[in-house]
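Peer 1: Following this message is one structure expressed as structure tokens.
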Amino acid sequence: MGITRNEPAGPQDAPGPFPAGPFAPEAFASARFAAEQRLAVATVREAGALVRARFQDEYDIQPKGDEGDVVTDLDLLAERLVVQRIRENYPHDRIVAEESGTLDGDGDDATAAGPRRTWLVDPLDGSNNVVIGLPAYVVGVALCVDDEPVVGAIHDPVTDRTWSALTGCGAYGPHGRMTGPSGPLAASGPLLAWTQGHAVARDDPAARTLKSALEIRSRRLLQLWAPLLTWSMLARGDIDGFVGYRAEAIDFPAGALLAAEAGLEIRSLDGGAFQGSIDGPDTDRSFVAGRPQDMPYLLDLVRRSEALDHVP
133 MGITRNEPAG PQDAPGPFPA GPFAPEAFAS ARFAAEQRLA VATVREAGAL VRARFQDEYD
193 IQPKGDEGDV VTDLDLLAER LVVQRIRENY PHDRIVAEES GTLDGDGDDA TAAGPRRTWL
253 VDPLDGSNNV VIGLPAYVVG VALCVDDEPV VGAIHDPVTD RTWSALTGCG AYGPHGRMTG
313 PSGPLAASGP LLAWTQGHAV ARDDPAARTL KSALEIRSRR LLQLWAPLLT WSMLARGDID
373 GFVGYRAEAI DFPAGALLAA EAGLEIRSLD GGAFQGSIDG PDTDRSFVAG RPQDMPYLLD
433 LVRRSEALDH VP
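See below:
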């Protein structure tokens, strides 16, 4: 997954039933994948309204895996809605959804010639927050052509705010185009955020070492349990940087596209070009994200964590 602004080729013959509205700026109107962007925005907002209406109701909660993750009725209802909307408009596209897994489109064939279109659906990013009554959750949808994210939409049902990005056209929110953090880093240290994948063990030595180093050398290290919400904060400029260790594939493309189109940079932990993919192993999805001018400083914080390996 190359996180750069790009315009991959892809089929554009699907209908565009959704009006531009305030969440699709003029820059998107005639661009490639504009119809897909309108669909993504309309769908995350519709699913978000559903979740918000049920947030304080009683709903079923089931454990997911052995590490404390959960799935709720709200996840399933929102996912069913999003998948249905995509299927109605793009029946041939592949969908990868948080709870349902991979859903092949009509006649989908991974060996067929031409670009492969995959929708990534995170119907409730922040399920653990919802369960404890913490209003910090979002709905996210992305479209990838082959491995490149071309459309991303994130909606916060709590504040009724939507952020979206279209490849080559920028990233926008309720207040217009987003350009990431502004001004110099504070003398007290950067405000950073952290995420790690569900498969990372609590006692994983690399994760513990890296996270501890960031906590020591930053003004604050946020862990929101909702990576898409964190990506939107970075694109808005509310935080200075975002570090991920073996991040999940389902929510990465929408957030990464939002950041890239806001002018931010994403690197691997060693400072090289980020090469993670939605179908590749999570070990390829460790990253540092921030402004290009801040990247040397952020990467230095990561490199310093290696010294802690030898501290008793």
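With the numbering used here applied, the sequence shown corresponds to residues 133 to 444, in that order. Virtual Cβ for every residue (Gly too), placed ideally from N, Cα, C.
Would F384 and L298 qualify as a contact pair, given that the criterion is a beta-carbon distance under 7 angstroms?
Peer 2: No, the Cβ-Cβ distance between F384 and L298 is not below 7 angstroms.
Peer 1: Can you tell me where the beta strand (DSSP E) with E397 in it begins and where it stops?
Peer 2: That run of the beta strand (DSSP E) goes E397 to R399.
Peer 1: Can you tell me which of the three DSSP states G387 falls into?
Peer 2: Looking at G387 - three-state DSSP - the assignment turns out to be helix.
Peer 1: Just curious, the alpha helix (DSSP H) that W363 is in, first and last residue?
Peer 2: Unbroken alpha helix (DSSP H) run through W363: P359 to R368.
Peer 1: Taking 7 angstroms as the threshold (C-beta atoms), are V273 and V253 in contact?
Peer 2: Cβ atoms of V253 and V273: closer than 7 angstroms.
Peer 1: Which residues in the same chain have their Cβ closer than 8 angstroms to the Cβ of Y191, if we skip the five residues on either side of it in sequence?
Peer 2: The answer, listed in chain order, is T204, D205 and L206.
Peer 1: May I have the straight-line CA-CA distance separating M365 from R184, to the nearest angstrom?
Peer 2: Distance between the alpha carbons of M365 and R184: 20 angstroms.
Peer 1: Would you identify the three-state DSSP class for I286, choosing helix, strand or coil?
Peer 2: Strand, per DSSP.
Peer 1: Would you mind stating whether S296 and V173 have Cβ atoms separated by less than 7 angstroms?
Peer 2: Result yes, Cβ atoms of S296 and V173 sit closer than 7 angstroms.
Peer 1: Assess, as a yes-or-no matter, whether the region 208-227 is touched by the region 347-362 under the definition of 3 or more beta carbon pairs within less than 8 angstroms.
Peer 2: Judged by Cβ distances under 8 angstroms, the region 347-362 makes no contact with the region 208-227, as fewer than three pairs qualify.
Peer 1: Taking Cβ to Cβ, would you say R378 is nearer than 7 angstroms to V332?
Peer 2: Against a cut-off of 7 angstroms, the Cβ pair of V332 and R378 comes out as a contact.
Peer 1: Out of A229, A386, N260 and P428, state which residue places its alpha-carbon closest to the alpha-carbon of R399.
Peer 2: Closest by alpha carbon: P428.
Peer 1: Taking DSSP's pairing of strands, which residues face S232 in a bridge?
Peer 2: Answer by DSSP bridge pairing: none, since S232 is not bridged.
Peer 1: Following the continuous alpha helix (DSSP H) through A339, name the residue where it begins and the one where it ends.
Peer 2: First-last of the alpha helix (DSSP H) with A339: P337 to R349.
Peer 1: At which residues does the alpha helix (DSSP H) containing I218 begin and terminate?
Peer 2: Taken as a continuous stretch (DSSP letters only), the alpha helix (DSSP H) holding I218 covers D205 to N221.
Peer 1: Below 8 angstroms on the Cβ atoms is my contact criterion, and I expect E168 with V283 to pass it. Report the Cβ-Cβ distance as a whole number of Å.
Peer 2: Sure, about 5 angstroms apart at Cβ, within 8 angstroms.
Peer 1: So is I410 buried or exposed if we call it buried at 16+ other beta carbons inside 10 Å?
Peer 2: By the 10 Å Cβ count, I410 comes out buried.
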